[in-house]
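Novice: Protein chains in written order, with the working numbering: chain F, 7 to 118; chain B, 114 to 224. First, the structure itself, so that you have it in front of you.
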Amino acid sequence: QKEVEQDPGPLSVPEGAIVSLNCTYSNSAFQYFMWYRQYSRKGPELLMYTYSSGNKEDGRFTAQVDKSSKYISLFIRDSQPSDSATYLCAMIINSGASKIIFGSGTRLSIRP
Amino acid sequence: DTAVSQTPKYLVTQMGNDKSIKCEQNLGHDTMYWYKQDSKKFLKIMFSYNNKELIINETVPNRFSPKSPDKAHLNLHINSLELGDSAVYFCASGQAGSPLHFGNGTRLTVT
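Structure follows, in structure tokens:
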């Protein structure tokens, strides 16, 4: 079993829809959680970074962490064609750890 | 100003050749990484250096040898290239407890 599981998609939704992207993980020692967005032929760029369970909002993006279920989500409201990209979840065991584990990424397409 | 820059952007070479990829960061971070991304977009860590010292060395063939001349630079040398080495190689930098900043990748194609 992989440490971090993420549905690869592809996921295709119409413009304006709410998108829900999810990851599950097996190691309860993970404490820091991130979402990266990767456009084609570019490097991953950080979207959201959270520590505790609960929600964190930034504009149209909301990151949700449920440590009891070992489940994290990224919600995108009012989705735009420019949101079309691959979204990768990532997590770290503790603040001093250098090793970040990534999910396999979900390919998202927003139809105009 | 590009925070993490790597060269070359594309690299096409034949099996058996030796090649190098270079990476530089201007963020003042102590830690730098090499990640390999396969065709299914899975990002796998290869190496990590903290202040020029190797701290993570995953199960990578010893044909791959990283070198960090200073904390702002991390290079990757690959000997005797094989078809399976074809992938996108990403350099990243970060500080403890903080997310990583990635370069735009080097797309390596071995023919």
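Each residue gets a CB set at the ideal place from its N, CA and C atoms; glycine is no exception. Predicted model, so just to flag it, every value in this text is computed and none were measured.
1. Are at least three pairs of beta-carbons, each pair with one atom in the region 73-83 of chain F and one in the region 125-142 of chain B, less than 8 angstroms apart?
2. Hey, how far is the Cα of F:E21 from the Cα of F:I82?
3. When we look at the beta-carbon of F:Q86 and count the other beta-carbons within 10 Å, is it buried (16 or more) or exposed?
4. Using a beta-carbon distance below 8 angstroms, is B:L226 in contact with chain F?
5. Between the region 168-184 of chain B and the region 62-70 of chain F, do three or more beta carbon pairs fall short of 8 angstroms?
6. For B:C136 and B:T120, what's the separation of their Cα atoms in angstroms?
7. Among B:S193, B:S161, B:A185 and B:N217, which residue has its Cα nearest to the Cα of B:P179?
8. Within the same chain, show all residues whose beta-carbon is closer than 8 angstroms to that of B:L124, passing over the 5 residues directly before and after it, in chain order.
9. Identify the continuous beta strand (DSSP E) that holds B:L140 and give its terminal residues.
10. With DSSP run on the structure shown, which of helix, strand or coil describes F:P14?
11. Looking at B:Q150: is its Cβ nearer than 8 angstroms to the Cβ of B:V117?
12. Could you work out which residues of chain B lie near F:K105, taking near to mean beta carbons separated by less than 8 angstroms?
13. Beta-carbon of B:N217 versus every beta-carbon of chain F: anything under 8 angstroms?
14. Would you say F:S59 lies against chain B (beta-carbon separation less than 8 angstroms)?
15. Please report the distance separating the alpha-carbon of B:V201 from that of B:G141.
16. Ordered along the chain, which non-local residues of its own chain (more than five positions away) have a Cβ less than 6 angstroms from that of B:S181?
17. What number of angstroms, rounded off, separates the C-alpha of F:L114 from the C-alpha of F:N28?
18. Could you tell me which chain B residues have their CB closer than 7 angstroms to the CB of F:L94, listed as they occur along the chain?
19. Give the DSSP bridge partners of F:G60, in chain order.
20. In chain order, which beta strand (DSSP E) runs of at least 3 residues are fully inside the region 168-198 of chain B?
21. Under a CB-based cut-off of 8 angstroms, is B:K135 close to chain F?
22. Does the distance from the CB of F:A96 to the CB of F:Q44 come in under 8 angstroms?
23. Which one of F:R47, F:G60 and F:V10 has the shortest CA to CA distance from F:F36?
24. Among B:L196, B:I191, B:G207 and B:S199, which has the Cα closest to the Cα of B:R176?
Specialist: Reading it off the structure:
1. no
2. In the first sequence, counting from the first residue as 1, residue 21 of chain F sits at position 15. In the first sequence, counting from the first residue as 1, residue 82 of chain F sits at position 76. Their backbone Cα atoms lie some 11 angstroms apart in a straight line.
3. Mapped onto the first sequence, residue 86 of chain F falls at position 80. Counting every other CB atom within 10 Å of its CB across the protein chains shown gives F:Q86 a total below 16, marking it as exposed.
4. For chain B, the structure presents residues 114 to 224; residue 226 of chain B sits outside this window and is missing.
5. No, they do not touch.
6. Walking along the second sequence from the start, residue 136 of chain B turns up at place 23. Walking along the second sequence from the start, residue 120 of chain B turns up at place 7. Straight-line Cα distance between these residues: approximately 7 angstroms.
7. Numbered from its first residue, the second sequence carries residue 179 of chain B at position 66. Cα-wise, what sits closest to B:P179 is B:S161.
8. By 1-based counting over the second sequence, the position of residue 124 of chain B is 11. Here the set comprises K132, I134, T219, R220, L221 and T222.
9. Mapped onto the second sequence, residue 140 of chain B falls at position 27. It is not in any beta strand (DSSP E) - B:L140 carries neither H nor E in the DSSP assignment.
10. In the first sequence, the residue the question calls residue 14 of chain F occupies position 8. Note: F:P14 maps to coil in three-state DSSP.
11. By one-based count along the second sequence, residue 150 of chain B stands at place 37. By one-based count along the second sequence, residue 117 of chain B stands at place 4. No, Cβ-Cβ distance for B:Q150 and B:V117 is not below 8 angstroms.
12. In the first sequence, residue 105 of chain F corresponds to position 99, counting from 1. I158, S161 and I169, listed in chain order.
13. In the second sequence, the residue the question calls residue 217 of chain B occupies position 104. Interface residue, yes.
14. Along the first sequence, one-based indexing puts residue 59 of chain F at 53. Chain B contact via Cβ: absent.
15. Residue mapping note: residue 201 of chain B aligns to position 88 of the second sequence, counting from 1. Residue mapping note: residue 141 of chain B aligns to position 28 of the second sequence, counting from 1. Each residue's alpha carbon lies about 25 angstroms from the other.
16. Sequence index remark: in the second sequence, residue 181 of chain B carries index 68 (1-based). Answer for B:S181: Y162, K165 and L187, listed in chain order.
17. Translated into the one-based positions of the first sequence, residue 114 of chain F becomes position 108. Translated into the one-based positions of the first sequence, residue 28 of chain F becomes position 22. Near 12 angstroms, if we compare the C-alpha coordinates of F:N28 and F:L114.
18. The residue given as residue 94 of chain F occupies position 88 in the first sequence. Neighbours of F:L94 in chain B, taken as residues whose beta carbon is under 7 angstroms from its own, are L156 in chain order.
19. Reading the first sequence from its first residue, position 54 is the one you call residue 60 of chain F. Its beta-bridge partners are F:V71.
20. 177-183 and 186-191
21. The residue you call residue 135 of chain B lines up with position 22 of the second sequence. Cβ-Cβ to chain F under 8 angstroms: no for B:K135.
22. The residue you call residue 96 of chain F lines up with position 90 of the first sequence. The residue you call residue 44 of chain F lines up with position 38 of the first sequence. Contact flag unset, no.
23. Translated into the one-based positions of the first sequence, residue 36 of chain F becomes position 30. Per the Cα distances, F:V10.
24. As a working mapping, residue 176 of chain B is identified with position 63 in the second sequence. For the residues B:L196, B:I191, B:G207 and B:S199, the minimum Cα distance to B:R176 belongs to B:I191.
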